[in-house]
Amino acid sequence: DTEVTQTPKHLVMGMTNKKSLKCEQHMGHRAMYWYKQKAKKPPELMFVYSYEKLSINESVPSRFSPECPNSSLLNLHLHALQPEDSALYLCASSQDLMAGWDQPQHFGDGTRLSIL
Amino acid sequence: KQEVTQIPAALSVPEGENLVLNCSFTDSAIYNLQWFRQDPGKGLTSLLLIQSSQREQTSGRLNASLDKSSGRSTLYIAASQPGDSATYLCAVRPLYNNNDMRFGAGTRLTVKP
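Top line first, the protein sequences correspond to chains C and V. Using our numbering, read the first sequence as starting at 1 and increasing by one per residue. Using our numbering, read the second sequence as starting at 1001 and increasing by one per residue.
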């Protein structure tokens, strides 16, 4: 079982809906990540949070809005998505971005998102 | 911009065979390199992480090597088993943008009983 929990596992939504993806970890990690993965493609980094502060935004469209309410939780709010946004959305965490980079990232199983 | 390439894209071997997966990257200025395993519809499981100052890491039947100067890493799997069937991805953390992680497209491995 993964130590990073993502809900829901599957989500189908229309282009006008508003929904949120959730990610939770209780390993005491202070860095959390959102990735987007299209079928048979590698994951692409979307957002990085370090100590609950957004530290990188890879030019992701504003219809994706991340939120880190505390050190254990990471949300991704979705609004007015397009069919091309259908993908597997992966959350990951690592111990720390600051004090050394020799920590592996731990991934959740992802949310499979389908936009109708 | 860092580009990560994995060859082959797919590999099918009989059970018990030793095999090597390859990963190459264009910019040798990396902080570390990580190998992951991904089962269909699942997230990524970290297998091995090699620091830029290291040459190899081992875990059980897995051995990963790193030649930073030539921009190459290999993942060696000994005595392959059907349970090893998965997609294997390598990812590098760039030295000058170490908030980032760049992935290869992966090698899809099938081990036949």
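Quick reminder that beta carbons are idealized off the backbone N, C-alpha and C, glycines included.
Going along chain V in order, which residues have a C-beta closer than 7 Å to the C-beta of residue i?
{"i": "Pro104 of chain C", "result": "Gln1034, Ser1046 and Leu1049"}
{"i": "Gly108 of chain C", "result": "Gly1043"}
Name the residue from the options whose alpha carbon lies nearest to the alpha carbon of residue i.
{"i": "Ser1046 of chain V", "options": "V:Arg1055, V:Leu1033 and V:Ser1052", "result": "V:Leu1033"}
{"i": "Arg112 of chain C", "options": "C:Asn17, C:Leu21 and C:Glu3", "result": "C:Leu21"}
{"i": "Met46 of chain C", "options": "C:Phe107, C:Trp34 and C:Ser55", "result": "C:Trp34"}
{"i": "Gln1051 of chain V", "options": "C:Cys23, C:Asp96 and C:Pro104", "result": "C:Pro104"}
{"i": "Lys1112 of chain V", "options": "V:Tyr1088, V:Gly1083, V:Leu1095 and V:Cys1090", "result": "V:Gly1083"}
{"i": "Arg1093 of chain V", "options": "V:Asp1067, V:Ser1085 and V:Phe1103", "result": "V:Phe1103"}
{"i": "Thr16 of chain C", "options": "C:Ala80, C:Ile115, C:Asp109 and C:Leu88", "result": "C:Ala80"}
{"i": "Met13 of chain C", "options": "C:Leu78, C:Ser94 and C:Thr5", "result": "C:Leu78"}
{"i": "Leu1044 of chain V", "options": "C:Ser50, C:Tyr49, C:Val48 and C:Gln37", "result": "C:Gln37"}
{"i": "Val1004 of chain V", "options": "V:Glu1017, V:Ala1079, V:Leu1011 and V:Phe1025", "result": "V:Phe1025"}
{"i": "Ala1010 of chain V", "options": "V:Leu1021, V:Lys1001, V:Gln1002 and V:Gln1057", "result": "V:Leu1021"}
{"i": "Gln6 of chain C", "options": "V:Asp1027, V:Lys1042 and V:Pro1014", "result": "V:Lys1042"}
{"i": "Arg30 of chain C", "options": "C:Val4, C:Asn57 and C:Leu11", "result": "C:Val4"}
{"i": "Gln1006 of chain V", "options": "C:Tyr49, C:Pro66, C:Pro42 and C:Leu88", "result": "C:Pro42"}
What does residue i reach in chain C if we use C-beta pairs closer than 9 Å?
{"i": "Gly1104 of chain V", "result": "Pro42"}
{"i": "Asp1100 of chain V", "result": "Leu45, Val48, Ile56 and Glu58"}
Using the DSSP secondary-structure output, state which residues sit across from residue i in a beta bridge.
{"i": "Thr7 of chain C", "result": "C:Lys22"}
{"i": "Met32 of chain C", "result": "C:Tyr49 and C:Ser93"}
{"i": "Glu44 of chain C", "result": "C:Lys36"}
{"i": "Lys1112 of chain V", "result": "V:Pro1014"}
{"i": "Tyr1076 of chain V", "result": "V:Val1020 and V:Asn1063"}
{"i": "Tyr1088 of chain V", "result": "V:Arg1037 and V:Thr1107"}
Since residue i meets chain V, which of its residues come closer than 9 Å, beta carbon to beta carbon?
{"i": "Arg112 of chain C", "result": "Gly1041"}
{"i": "Leu90 of chain C", "result": "Gly1043 and Leu1044"}
For the ligand FMN, any of its heavy atoms closer than 7 Å to the Cβ of residue i?
{"i": "Lys36 of chain C", "result": "Here there are no bound small molecules, and the ligand FMN is not part of this structure."}
Complete alpha helix (DSSP H) runs within the stretch 1023-1063 of chain V (minimum length 4 residues, chain order): Fully enclosed alpha helix (DSSP H) runs of 4 or longer: not present.
Under 7 Å, CB to CB, which of the residues in the stretch 1065-1095 of chain V have a partner in chain C? Taken in chain order, the members of the stretch 1065-1095 of chain V whose beta-carbon sits within less than 7 Å of a beta-carbon on chain C are Leu1089 and Arg1093.
task: Only counting runs of 3 or more residues, tell me where the beta strand (DSSP E) segments fall wholly within the stretch 57-83 of chain C, in order along the chain.
output: Here the runs fully enclosed are 64-70 and 73-79.
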